[in-house]
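Residue numbering for the sequence shown follows our numbering, starting at 245 and increasing by one per position. Down below is the structure, laid out as structure tokens.
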Amino acid sequence: MDDLTLAESTLISRLATISGVDPDLPPVLLGLEWINDGISENDKLALGLLALLDQPTAEIVAAVPWFITAPAEDQEINLLKATARLFNSSPALSVQVANMDFFRDSVERHDVSAVDAIKTLNQDPEDWATLTKQSWYKDGITDDEAVVLTVLPGQAKSVPTDYQSLVDNRFYMEKTTAPLPPSGSVDLYLVRFLEHQTESATMTHLRSAVLAIENYMGFPLPVKEIIMLFSTNIDAGGINYGTHFTLDLSEDASLPQLIEGGIVHEITHFYRVMDSSWFGEGTANFLATQVGFDLYNQEVAPGSNRSSCPNDVTNITEIAAAYPGYYPEPIVHRFCYHNYGEKIIRGLKAAMDDGPFHAAWREIFQTNIEEDRKFTDAEIYQLFLKHTPTDRISRVNKVFVQLHGGDFVASP
Ligand SMILES: [Zn+2]
């Protein structure tokens with residue numbers, strides 16, 4: 245016998261695992277073209293994930309059209325991962341879901357979040373009973389319904405009345421595909437409780453906002469679809485859940501979101517550049533202001549600009565020590581990091597000048613997306629410093645010393 249390549253031996257061990265689960269499946273899999281023409285990383289992952297399922301689920305998954313043609317896209321691997329998570333929590337449910345239209349037809353971001361949503365909702369008996377008695381659930385989830393499923397767990401937890409309205413089909417959904425010349429397009433979904441005529445002003449704003457954001461960034465948005473819900477939870481403001489974002493209903497009717505920049509702020513949170521709040525929130529406010537100028541030629545007034553910071557601290561290092569948490573307590577200081585973050589970013593733009601600032605900005609976000617990397621405060625500082633002209637370095641240091649206060653900053 246010739247030596248096996250690593251890929252071939254991986255394939256054999258995966259198939260052996262699968263044959264332990266279902267002896268009929270390996271011959272079927274060996275008949276697939278993508279398994280016979282050499283094994284890629286994603287091929288290995290897909291087979292490994294299939295091996296985690298039991299016989300009924302694996303057989304259905306192996307027969308869906310996108311699996312037969314090759315689960316080559318990351319999104320397809322993500323859907324297999326979500327299926328394995330659901331299978332772990334309920335094998336019976338994973339069979340049902342793998343048979344549904346939204347799962348079989350095509351693989352989008354919302355299909356992955358819908359499978360996770362089913363797993364989450366299944367863990368709360370009351371939420372689950374409410375959902376599963378609906379005919380739209382019972383007759384199988386369609387693609388549009390998968391979009392609604394995406395927003396359900398967040399509302400079930402924070403706004404039960406919204407959960408009930410959504411489950412009862414008392415909502416409106418607008419969807420459109422917005423062309424983005426640099427990267428192709430992005431699918432936009434807007435779910436809301438107020439009736440609207442044809443295309444709403446909010447959708448028009450969303451459509452132009454994604455284009456303005458991508459133009460400013462200079463590279464593709466990190467997501468190919470955006471799901472937005474106007475929540476009736478007035479106190480919540482905006483929340484980005486990673487899968488979608490919500491904005492409170494008070495911003496629906498009269499479009500103050502054009503003034504407050506809430507939509508752009510929340511879209512910006514799809515860039516996950518770091519875990520601490522100042523840079524992420526500062527970026528979101530900075531971009532909201534920038535896009536407000538680009539689109540409407542007017543100053544937006546993010547809520548954070550009106551948020552006060554504690555008087556006994558002078559930079560974010562001192563705030564972090566004295567007022568722990570992502571949102572410093574009490575509530576009047578809630579947006580203090582937003583405030584400082586935007587000040588630091590604006591300060592850097594002025595200190596570095598537009599060209600070098602934009603080069604640093606682009607490197608930070610592009611590395612974040614392409615390498616899936618998050619940064620520490622010190623790394624953010626270094627990335628800005630790297631693009632700063634020599635005669636402006638002391639100005640940049642001054643911004644960090646005064647407003648950040650981290651010990652990684654050289655003294656100006
Ligand atoms: Zn935010």
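The beta carbon of each residue, even a glycine, is placed where N, CA and C say it ideally should be.
Other residues of its chain near residue i: CB distance less than 6 Å, five sequence neighbours each side excluded
i	result
residue 291	258
residue 447	418 and 434
residue 514	466 and 467
residue 353	469
residue 539	452 and 456
residue 299	265 and 266
residue 420	432
residue 591	643
residue 326	356, 359 and 360
residue 570	521
Supposed close pair residue i, residue j - CB separation, criterion 8 Å
i	j	result
residue 430	residue 469	6 Å
residue 484	residue 510	5 Å
residue 608	residue 517	6 Å
residue 286	residue 328	Not really, about 15 Å apart at Cβ, beyond 8 Å.
residue 512	residue 398	Contact flag wrong, Cβ pair sits at about 19 Å.
Boundaries of the alpha helix (DSSP H) in which residue i is found, first to last residue
i	result
residue 575	Looking at the DSSP string, residue 575 is not in any alpha helix (DSSP H), and its letter there is neither H nor E.
residue 306	299 to 306
residue 603	598 to 614
residue 229	The question about residue 229 has no answer, for the chain in this structure spans 245 to 656.
residue 398	387 to 402
residue 636	Careful: residue 636 lies outside any alpha helix (DSSP H) and carries neither H nor E.
residue 349	345 to 349
residue 270	269 to 274
residue 333	318 to 333
residue 222	Because the chain in this structure spans residues 245 to 656, residue 222 falls outside the shown range and cannot be described.
residue 357	353 to 366
residue 292	285 to 294
residue 456	445 to 461
residue 369	369 to 376
residue 543	Per DSSP, residue 543 belongs to no alpha helix (DSSP H) and is neither H nor E.
Paired residues, beta bridge with residue i - DSSP
i	result
residue 436	416
residue 484	489
residue 423	429
Sequence-distant residues of its chain with Cβ nearer than 7 Å to residue i (five each side left out)
i	result
residue 267	none
residue 439	416
Span of the beta strand (DSSP E) around residue i
i	result
residue 530	No beta strand (DSSP E) contains residue 530, which is instead part of the alpha helix (DSSP H) from 521 to 540.
residue 474	469 to 475
Sequence-distant residues of the same chain with beta carbon closer than 8 Å to residue i, five excluded per side
i	result
residue 262	269, 270, 273, 291, 294, 295 and 302
residue 657	Residue numbering for the chain in the displayed model covers 245 to 656; residue 657 lies beyond these limits and cannot be assessed.
residue 308	342, 347 and 348
residue 245	Residue confidence is low: residue 245 scores 46 on pLDDT, short of 50, so the model does not pin down where it sits. No coordinate-derived value is stated.
Touch check for the stretch 330 to 337 and the stretch 369 to 378: three-plus C-beta pairs under 8 Å?
no
With contact counted as at least three CB pairs below 8 Å, one residue from each stretch, are the stretch 520 to 529 and the stretch 576 to 588 in contact?
yes
Three CB pairs or more closer than 8 Å across the stretch 387 to 404 and the stretch 357 to 368:
yes
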